[in-house]
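Shown next, in structure tokens, is the structure this report addresses.
Number of protein chains: 2
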Amino acid sequence: MGKTRSAPTLNDVAEAAGVSTATVSRCLNSPDRVIEATRQRVMDAVESLGYTPNFAARVMAAKRSFTIGAIIPTMDNAIFARGLQAFQDQLREDGYTLLVSSSAYDPEAEREQIRTLVARGADGLLLIGHARDAGIYEYLERHQVPSLVAWSYDPEAQRPSVGFSNADAMCELAQSVIAAGHRRIAMISGITEGNDRAQGRVEGVRRAMADSGLDANTLALIETDYEIERGAEAFRQLMAFVPRPTAVMCGNDVLAAGALREAGRLGIRVPEQVSVTGFDDIELAEIVSPALTTVHVPHREMGRKAARELTAMVEGKSEGRSICIGTKLVNRCSLAEQHG
Amino acid sequence: MGKTRSAPTLNDVAEAAGVSTATVSRCLNSPDRVIEATRQRVMDAVESLGYTPNFAARVMAAKRSFTIGAIIPTMDNAIFARGLQAFQDQLREDGYTLLVSSSAYDPEAEREQIRTLVARGADGLLLIGHARDAGIYEYLERHQVPSLVAWSYDPEAQRPSVGFSNADAMCELAQSVIAAGHRRIAMISGITEGNDRAQGRVEGVRRAMADSGLDANTLALIETDYEIERGAEAFRQLMAFVPRPTAVMCGNDVLAAGALREAGRLGIRVPEQVSVTGFDDIELAEIVSPALTTVHVPHREMGRKAARELTAMVEGKSEGRSICIGTKLVNRCSLAEQHG
DNA sequence: ATTATTGATGTAAGCGCTTACAAATAGGGT
DNA sequence: ACCCTATTTGTAAGCGCTTACATCAATAAT
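Listed in order, the protein sequences are those of chains F and P.
Numbering (my numbering) for the first sequence: 1 to 340.
Numbering (my numbering) for the second sequence: 1001 to 1340.
Below, the structure written as structure tokens:
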């Protein structure tokens, strides 16, 4: 005797508390619309039954999920970790849950993930960078899912974004490289196709060169995946160039760490023989030796601001503003003066 | 004229294709139960309407979500990254989606996340380590959600697990430290409370010492959070001990990286003056200098096997076996002979 | 020709929740 | 006393899907 023990439903709670399901629902979702005594009774029932609301049912009935989706290019390295963590923290503070998935830098996979997240009832989406098929935005509009772009700031874009100017930030770093006397500059960039951040960083270096009267076409550029080993390979290739570059600017810290490692293997001293720079200022930048001169991106600030803006959009409190985050040069040990 | 453009439903597709909703559903979920011609017509309708099934509705009706949840202690560093990636890859191959959340090493938060994941309809759960309140397992049982423990292997436990023996692995490394002549051994461990992996690693060191006739009580032990800076702090404390330890074994590579960094700041040469070891063999271990002597954990293998076992459990094909993964010592440069 | 069998499709009953609306109750003003 | 408003609670209609069961046609077996 006794029914099979199985997960209790709203109905079970209602019966146990001697009220209607509507009242239980109200106790859970808008407690102030229920009188104290009733609420107490309901909460006791919830407690003693060990009731957990069924999420799918709630989403379906309420057409709200209090869930935000984020699609990032990769989880493999720490590039997005800190910013995403901050994004999530802020979201949680505001009562939202974050669903993350990664696209492996593949537009097709990204489209797929977006559909999945929307199907799962995400109230809003965080996307990385602007470059993306227009159809995706139409799809999101049709499903009435607001989206926000991060890690990139482009006031020209019709889509709201929270981020920084990759070009300006990299340009500033490049100016400092040039100011240190470097003339033969090389760059190890991430794959620029479909990646406005990588594109911006390359553009920044070119602009700094042009502004200083250097021929931007002399930039020795290698594009490769954002992986340590890829950075190492690219560095090796670069070191074979004649004449050899005196400064290798990397698209991010991961690539720079790879370059540094390869320099060690090749017996090339950094920064005495070759200078190396990074971008992002993730934890790695401080661990490697020599510690990286890089561009510090305030990821936590970006994450928090993105969260606030996106929830405002979801709640109809904002039409979607664009927010610019400032970056800062960090001078550590991997960039040195070049004479000659 | 013309209705408001909004997301199409199963019903819209059914109308467009001139069939019932049941048929559309079958086309999507068991295509072979529908005749070719009909399927074609339905698929065309799906395509042209840009239909995406509503996940919540599907979960609710089918009581299956093809979603697996994983709660990991932290996403901050790379400890779990590779294993989780492999877990996800295998899951995707088998038609499942992974939902990840992190508990920040807080049991209360973990319980909360588990409830959330279950409420979201997770078909199965991946948990890290065995140490956890029994009530949680009861809850999971009641909701009929199978769970699998990873990153730890304990044939004694009543719960199935896929992992390795943290104690054995660390013991082996400690033996090698002792064999190198070290007698004054120190350890920087993660917080052991509620963390069977950290406990196991400490136990492993103690066992190796006892086995070699050393007094395990002479082990200088500091427990701290798994963060680079914490590792650095602990290392500094350890270096102030008199007599100073000649080998510092760290609970993982992150802590070891911190120790290495602090050694650099203190001007202590590793491994000439002090040896340092890690655990995990994450990417970091190879990047730092000197490269870490550590224990290699085949994270990818563990992730994939965990995924296969868990889906088997979800599909009722397995009662939950425990699988032991082998670890391997990696001798790099941070451990040296100690004479005297 | 008749009936049994098989396969394709339709019908409709939920899944567990939220919420518009209705109902009931309790004051407040006259 | 009366009516009006405000507050608390109940009633019941879905949300978009899956699936057990019913139906129907086509084929095989008698």
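In this text, a Cβ means the ideal position worked out from N, Cα and C, and glycines have one as well.
* **Opening and closing residue of the beta strand (DSSP E) in which residue 1124 of chain P lies** => Mapped onto the second sequence, residue 1124 of chain P falls at position 124. From DSSP, the beta strand (DSSP E) with residue 1124 of chain P extends over 1124-1128.
* Asked: Counting only runs that start and end within the segment 1011-1071 of chain P, where is the alpha helix (DSSP H) found for 4 or more residues in a row?
  -> 1021-1029, 1036-1049 and 1055-1062, all fully within the segment 1011-1071 of chain P.
Continuous alpha helix (DSSP H) stretch holding residue 1081 of chain P: start and end: Here residue 1081 of chain P refers to the residue found at position 81 when the second sequence is read from its first residue. First-last of the alpha helix (DSSP H) with residue 1081 of chain P: 1081-1093.
Review point. In chain order, what residues of the same chain have a beta carbon less than 8 Å from the beta carbon of residue 1309 of chain P, not counting five sequence neighbours either side?
Key: Locating residue 1309 of chain P in the second sequence gives position 309, counting from the first residue. Within the same chain, Cβ atoms closer than 8 Å to the Cβ of residue 1309 of chain P are found at 1148, 1160, 1162, 1318, 1320, 1321 and 1323, the five residues on either side in sequence being excluded.
### Query
Interface residues of chain F around residue 1052 of chain P at Cβ under 9 Å?
If you number the second sequence from 1, residue 1052 of chain P lands on position 52. Residues of chain F with a Cβ closer than 9 Å to the Cβ of residue 1052 of chain P are, in chain order, 115, 116, 118, 119, 139 and 143.
Count the other CB atoms, across all protein chains shown, that sit within 10 Å of the CB of residue 18 of chain F; report buried if there are 16 or more and exposed otherwise. Position 18 of the first sequence holds residue 18 of chain F. Counting the other Cβ atoms within 10 Å of the Cβ of residue 18 of chain F gives fewer than 16, which makes it exposed.
Review point. Quick one: is residue 85 of chain F near chain P, going by C-beta distance under 8 Å?
Key: Within the first sequence, numbered from 1, the residue matching residue 85 of chain F stands at position 85. Cβ-Cβ to chain P under 8 Å: yes for residue 85 of chain F.
Anything in the segment 1280-1314 of chain P with a Cβ closer than 8 Å to a Cβ of chain F? List those residues in chain order, please.
In summary, the residues of the segment 1280-1314 of chain P whose CB is separated from some CB of chain F by less than 8 Å are 1283, 1284, 1286, 1287, 1288 and 1289, in the order they occur in the chain.
Helix, strand or coil at residue 1270 of chain P [DSSP, three-state]
To locate residue 1270 of chain P, count along the second sequence from 1; it is residue 270. Secondary structure of residue 1270 of chain P (DSSP, three-state): coil.
request  = Look at the Cβ atom of residue 1169 of chain P, then the Cβ atom of residue 1295 of chain P, and state whether they are nearer than 8 Å.
outcome  = Residue mapping note: residue 1169 of chain P aligns to position 169 of the second sequence, counting from 1. Residue mapping note: residue 1295 of chain P aligns to position 295 of the second sequence, counting from 1. It is a contact, given that the beta carbons lie within the stated cut-off.
Can you give the Cα-Cα distance for residue 1300 of chain P and residue 1090 of chain P, rounded to whole angstroms? As a first step, residue 1300 of chain P is located in the second sequence; it is residue number 300 there, counting from the start. As a first step, residue 1090 of chain P is located in the second sequence; it is residue number 90 there, counting from the start. The alpha-carbon atoms of residue 1300 of chain P and residue 1090 of chain P are separated by roughly 10 Å.
For this session: Go through the segment 205-249 of chain F residue by residue and report every complete run of the alpha helix (DSSP H) that reaches 4 residues or more, in order.
Result: Whole alpha helix (DSSP H) segments, 4+ residues: 228-240.
Rounded Cβ spacing between residue 1246 of chain P and residue 1223 of chain P (contact assumed at less than 8 Å)
Here residue 1246 of chain P refers to the residue found at position 246 of the second sequence. Here residue 1223 of chain P refers to the residue found at position 223 of the second sequence. With a Cβ gap of about 21 Å, residue 1246 of chain P and residue 1223 of chain P do not count as contacting.
Legend entry - Member of F:28, F:40, F:51 and F:35 whose CA lies at the smallest distance from the CA of residue 9 of chain F: The residue you call residue 9 of chain F lines up with position 9 of the first sequence. The candidate whose alpha carbon is nearest that of residue 9 of chain F is F:51.
Would you please state the rounded distance, in angstroms, between the beta carbons of residue 1281 of chain P and residue 1242 of chain P? I believe it to be under 8 Å.
-> As a first step, residue 1281 of chain P must be located in the second sequence, where it is residue number 281. As a first step, residue 1242 of chain P must be located in the second sequence, where it is residue number 242. About 33 Å; that fails the 8 Å criterion.
Check your understanding: How long is the line joining the alpha carbons of residue 1023 of chain P and residue 1058 of chain P, rounded to whole angstroms?
Key -> For the purposes of this step, residue 1023 of chain P is identified with residue 23 of the second sequence, where counting begins at 1. For the purposes of this step, residue 1058 of chain P is identified with residue 58 of the second sequence, where counting begins at 1. Distance between the alpha carbons of residue 1023 of chain P and residue 1058 of chain P is about 15 Å.
request  = Taking residue 299 of chain F as part of the alpha helix (DSSP H), name the residues at either end of that continuous run.
outcome  = For the purposes of this step, residue 299 of chain F is identified with residue 299 of the first sequence, where counting begins at 1. Counting along the chain, the alpha helix (DSSP H) containing residue 299 of chain F begins and ends at 299-314.
| said: Looking only at its chain, what residues have a beta carbon closer than 6 Å to the beta carbon of residue 1345 of chain P, apart from the 5 residues adjacent to it on each side? | reply: Residue 1345 of chain P is absent from the model: chain P starts at 1001 and stops at 1340.
| residue 1322 of chain P versus chain F: which residues are under 7 Å apart at the beta carbon? | Within the second sequence, numbered from 1, the residue matching residue 1322 of chain P stands at position 322. Here the premise fails: no neighbours, minimum Cβ distance about 26 Å.
| message | Could you check whether residue 81 of chain F and residue 1076 of chain P sit closer than 8 Å to each other, using their CB atoms as the reference points? | response | Working through the second sequence from its first residue, we reach residue 1076 of chain P at position 76. Working through the first sequence from its first residue, we reach residue 81 of chain F at position 81. A Cβ-Cβ contact shorter than 8 Å links residue 1076 of chain P with residue 81 of chain F.
Check the Cβ-Cβ distances between residue 3 of chain F and every residue of chain P, and say whether any is below 8 Å.
As a first step, residue 3 of chain F must be located in the first sequence, where it is residue number 3. Any reading at residue 3 of chain F must be qualified, since the residue scores a pLDDT of 42, below 50, and its modelled position is unreliable; the value itself is stated next. With 8 Å as the cut-off, residue 3 of chain F does not count as an interface residue toward chain P.
How about residue 1220 of chain P and residue 1186 of chain P: are their beta carbons less than 8 Å apart?
Reading the second sequence from its first residue, position 220 is the one you call residue 1220 of chain P. Reading the second sequence from its first residue, position 186 is the one you call residue 1186 of chain P. Going by C-beta atoms, residue 1220 of chain P is nearer than 8 Å to residue 1186 of chain P.
* Just reading off the alpha helix (DSSP H) that residue 176 of chain F is part of, what are its end residues? -> One-based indexing of the first sequence puts residue 176 of chain F at position 176. Residues 166-179.
- Taking the CB atoms as reference points, tell me whether residue 1123 of chain P and residue 1055 of chain P lie closer together than 8 Å. On the second sequence, position 123 is the one that residue 1123 of chain P refers to. On the second sequence, position 55 is the one that residue 1055 of chain P refers to. No. Outside cutoff.
- Query: In terms of residue numbering, what span does the beta strand (DSSP E) encompassing residue 1277 of chain P cover?
  - Reply: For the purposes of this step, residue 1277 of chain P is taken as the residue at position 277 of the second sequence. Counting along the chain, the beta strand (DSSP E) containing residue 1277 of chain P begins and ends at 1275-1277.
DSSP-derived helix/strand/coil call for residue 1192 of chain P
On the second sequence, position 192 is the one that residue 1192 of chain P refers to. Residue 1192 of chain P: coil per DSSP, three-state reduction.
Practice problem: Give a yes or no on whether 8 Å exceeds the smallest Cβ distance from residue 10 of chain F to chain P. | Solution: In the first sequence, the residue the question calls residue 10 of chain F occupies position 10. Not one chain P Cβ lies under 8 Å of residue 10 of chain F.
> Taking buried to mean at least 16 other C-beta atoms within 10 Å of its own C-beta, is residue 1154 of chain P buried or exposed?
Replying inline: For the purposes of this step, residue 1154 of chain P is identified with residue 154 of the second sequence, where counting begins at 1. A residue is called buried when at least 16 other Cβ atoms come within 10 angstroms of its Cβ; residue 1154 of chain P meets this threshold and is buried.
Rounded Cβ spacing between residue 207 of chain F and residue 167 of chain F (contact assumed at less than 8 Å):
Taking the first residue of the first sequence as position 1, residue 207 of chain F is located at position 207. Taking the first residue of the first sequence as position 1, residue 167 of chain F is located at position 167. Beta-carbon to beta-carbon, residue 207 of chain F and residue 167 of chain F are separated by about 7 Å, close enough to satisfy the 8 Å threshold.
(Q) So that I know if they touch, is there some Cβ in chain P lying closer than 8 Å to that of residue 60 of chain F? (A) Translated into the one-based positions of the first sequence, residue 60 of chain F becomes position 60. Interface residue, yes.
TODO: Quick one: grab the DSSP three-state call for residue 1280 of chain P.
DONE: By one-based count along the second sequence, residue 1280 of chain P stands at place 280. The three-state reading of DSSP puts residue 1280 of chain P in strand, counting E and B together.
- Return yes when the Cβ of residue 1099 of chain P is within less than 8 Å of the Cβ of residue 1069 of chain P, no when it is not. Within the second sequence, residue 1069 of chain P is the residue found at index 69, counting from 1. Within the second sequence, residue 1099 of chain P is the residue found at index 99, counting from 1. Note that the C-beta distance between residue 1069 of chain P and residue 1099 of chain P is below 8 Å.
| query | Counting along the chain, where does the beta strand (DSSP E) carrying residue 1135 of chain P start and finish? | reply | Along the second sequence, read from residue 1 onward, the residue named residue 1135 of chain P stands at position 135. For residue 1135 of chain P, no beta strand (DSSP E) run applies; the uninterrupted alpha helix (DSSP H) run containing it begins and ends at 1134-1142, by DSSP.
Note to self: Are the CB atoms of residue 74 of chain F and residue 105 of chain F within a distance shorter than 8 Å?
What the structure shows: Here residue 105 of chain F refers to the residue found at position 105 of the first sequence. Here residue 74 of chain F refers to the residue found at position 74 of the first sequence. With respect to the 8 Å criterion, residue 105 of chain F and residue 74 of chain F are classified as neighbours on the basis of their beta carbons.
| field | DSSP-derived helix/strand/coil call for residue 1157 of chain P | value | Taking the second sequence and counting its residues from 1, the one referred to as residue 1157 of chain P is at position 157. If DSSP states are grouped into helix, strand and coil, residue 1157 of chain P belongs with coil.
Exercise for review: Could you spell out the range, first to last residue, of the beta strand (DSSP E) harbouring residue 1131 of chain P?
Suggested key: The count along the second sequence starts at 1 and reaches residue 1131 of chain P at position 131. Unbroken run through residue 1131 of chain P: none, as it is neither H nor E.
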